[in-house]
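Note sheet for the following structure.
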Amino acid sequence: MAGKPDLDVIVVGAGFAGLYMLHRSRGAGFRTRVFEAGDGVGGTWYWNRYPGARCDVESMEYSYSFSNELQQEWEWTERYAGQPEILRYANHVAERFDLRRGITFNTRVTGAVFDENENRWLVTTDSGESVSSPFLVMATGCLSSTNLPDFEGRDSFLGETYHTGRWPHQGVDFTGKRVGIIGTGSSAIQAIPVIAAEAKHLTVFQRTPNYSIPAHNKPLDSAAVQEIKAEYPEFRADNLRMHAGFGSRVHHNDAPALSDDADDREANYAARWRHGGFTFLGAYNDLLRSREANETAAEFVRQRIRETVDDPKVAELLCPDNVIGCKRPCLDTGYFETYNRANVELVDARKRGIERITPNGVVAGGRQFEFDCIVFATGFDAMTGALLGVDVRGRDGVTLKQAWDAGPRTYLGLCTVGFPNLFLVTGPGSPSVLTNMIVAIEQHVDWITDCLRDLRREGCGTIEATRQAQDDWVEHVNTVAGLTLYPTCNSWYLGKNIPGKPQVFMPLIGFPPYAQMCAEVAANGYRGFDLG
Ligand code: NA7
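Residue numbers (the working numbering): -11 to 520.
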């Protein structure tokens, strides 16, 4: 006998998922400890401090709903909160619920081995600590393992380099600098206008143009905030009901795009464009199912790009030709307008890519560019990167990497066969990045905590997904994705941004039916799980 385990629950990560997991699990009487690699809480919002970093979900929605006191007392200042404000919020939550004492900072979990005799996880850290607990919760985030492509000569550059997802805490002063930025995803689209306003010159290397919708960010109107706060629970419930795939109060029109004539469609898109945000993609119910429908929205955006960008050649280069919404849509503040600045150049890196990085700059499109700084806005090894970054070993010593060799396989995105008592918060196979992440996190953490209580009450030591349930679930996730246009482009949802990564559509489309299924599984004695 190895004696009593050190803890009941070990949580990896102190972002919004880890913080809430600690709060719930401690509240349910489980001895819980969180390990966090950073020196503070906030996860994504701790690491992504690049200029212009801002949430794409409106702040009244992108916040915890579990505590009415919390949601009443916290005052958001803008329609879309900036990174510093969200980080302040995460810190406020940690203080308010006395979470810090349960978190070990500056400590990365490196390995986790399941002991089949004792039914417990043995977790090891980079500080040399080993801790055991029957349950392990990976709250490692969907976009936390940065992707830094292996560009030829990457490390030969003599100037400063930055990755948007690992931005220096003290900030970066680009004044008077010649800056190159690689990538035109959400992070770049937020950072480019801000860097351009500061730097001497900014060169943007674009491989694939992206659709972007104006955020129309603005200070929050206190009367409107009070109105929401007066009925916050209804507002949240309403959010869930209206939720149509993008995790916010998308005013969803339940009609197909071609049911309107061209003028009405244009007017609908224009009104949503003026409103700003993901509302645009709720204009019709078939934008992500019918190419013909999608093209009407895509062309509307292209027209806005053409009328915004002065140089027609640059405008054409910025016009995407793929399905709108297939890659994660971007929201911006003055992105396309930035290309009208004299100190900004757009370089097409589609055909030949970034050819190489030199001690002085970048070679792309057959040209040599000289820079003082290079910003890599090249994204993340999404959804599986952080999970596979830990050496997780389940039954018979099989690693998670081996088990997911052909792509991630889970039941409900919460658990995976061969890894008993391991829970994934917003794991692949759950809606996660296709919803408001905080809503997805609360639903998962509530489900996991209730499950832990049920196991304790029933005297069960283990829970493990059955192979059949997992196979069926993987098939379900694929089937749902296959009914849409999502799998038609090179998105990180599919793992296509990482060379060699298995190509599997990872998130499940549709949050409300998913949440209902999870509840039904629990209500039916954890159908699809073996309890031991
Ligand atoms: P994204 O959306 O993955 O964007 C990464 C960008 O970097 C994208 O434009 C990529 O082009 C580009 N990229 C990646 N690798 C290369 C190479 N090798 N050469 C040239 N260009 C490259 O990451 P973000 O950080 O912007 O956003 C991530 C999520 O955070 C976002 O979706 C929101 O949910 C919040 P590509 O399109 O692959 O051709």
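Note that CB positions come from ideal geometry on N, CA and C, so glycine has one too.
Nothing here was measured: the structure is a model prediction, and the numbers come from that model.
- Annotation for leucine 376: the continuous alpha helix (DSSP H) segment containing it runs 373 to 376.
- For arginine 316, the shortest C-beta to heavy atom distance toward the ligand NA7 is below 7 Å.
- Within the same chain, Cβ atoms closer than 6 Å to the Cβ of phenylalanine 223 are found at Ile216, the five residues on either side in sequence being excluded.
- Within the model, the alpha-carbon separation for asparagine 424 versus serine 247 is close to 29 Å.
- Residues Ala271 of the same chain have their beta carbon placed closer than 6 Å to that of asparagine 256, with the five preceding and five following residues left out of the count.
- Look at alanine 370 here: in three-state DSSP terms it is coil, with no helix or strand label.
- In this structure, the C-beta of valine 81 stays at least 7 Å away from each heavy atom of the ligand NA7.
- No residue range can be given for leucine 146, since it is assigned to no beta strand (DSSP E) and is classified by DSSP as neither H nor E.
- Straight-line spacing of the CA atoms in phenylalanine 85 and valine 332 works out to 46 Å.
- Its Cα nearest to that of cysteine 439, the residue Gly513 stands out among Gln194, Gly395, Gly513.
- With respect to the 8 Å criterion, valine 378 and methionine 9 are not classified as neighbours on the basis of their beta carbons.
- One thing to note: valine 125 has its Cβ no nearer than 8 Å to the Cβ of phenylalanine 517.
- For the options Gly349, Val335, Thr387, the alpha carbon positioned closest to that of glycine 406 is the one of Thr387.
- Shortest Cα-Cα distance from leucine 208 to any of Ala507, Ala69, Gln194, Arg290 involves Ala69.
- Non-local beta-carbon contacts of glutamine 59 in its own chain, meaning distances under 8 Å to residues more than five positions away in sequence, involve Ser51, Tyr52, Ser53, Lys217, Tyr220 in chain order.
- Relative to the ligand NA7, proline 396 has its C-beta separated by 7 Å or more from all heavy atoms.
- By the Cβ neighbour-count rule, asparagine 227 is buried, with 16 or more other Cβ atoms within 10 Å of its own.
- The closest CA to that of tryptophan 435, considering only Gln504, Asp459, Arg383, is found on Gln504.
- In this structure, the CA atom of asparagine 466 is about 20 Å from the CA atom of alanine 428.
- The Cβ-Cβ distance between valine 81 and tyrosine 199 does not fall below 8 Å.
- Ranked by Cα distance from aspartate 251, the first of Ala285, Ala457, Thr65 is Ala285.
- Rounded to the nearest whole angstrom, the CA to CA distance from valine 421 to phenylalanine 499 is 10 Å.
- Residue pairing by DSSP places tyrosine 34 in no beta bridge whatsoever.
- Restricted to the segment 265 to 343, the beta strand (DSSP E) segments that are unbroken, complete and at least 3 residues in length are 318 to 320, 332 to 336, listed in chain order.
- Of all alpha-carbon atoms in Leu400, Tyr474, Pro317, Leu276, the one lying nearest the alpha-carbon of valine 509 is that of Leu400.
- Take the alpha-carbon of valine 351 and the one of aspartate 442: they are about 59 Å apart.
- Checking the DSSP bridge columns, you'll see leucine 190 partnered with Val167, Val332.
- If only complete runs of 4 or more residues are kept, the segment 397 to 472 shows the alpha helix (DSSP H) at 425 to 446, 455 to 470, in order along the chain.
- Burial state of proline 347 is exposed, judged by a 10 Å Cβ sphere holding fewer than 16 other Cβ atoms.
- Per the Cβ contact rule, the segment 28 to 40 is in contact with the segment 1 to 8 (3 or more Cβ pairs under 8 Å).
- Glutamine 158 counts as exposed, since fewer than 16 other C-beta atoms from the protein chains shown sit within 10 angstroms of its C-beta.
- Looking only at Leu334, Trp155, Arg67, Glu117, the smallest Cα-Cα distance to serine 132 is reached by Trp155.
- In the three-state DSSP reduction, leucine 124 falls in the strand class (E or B).
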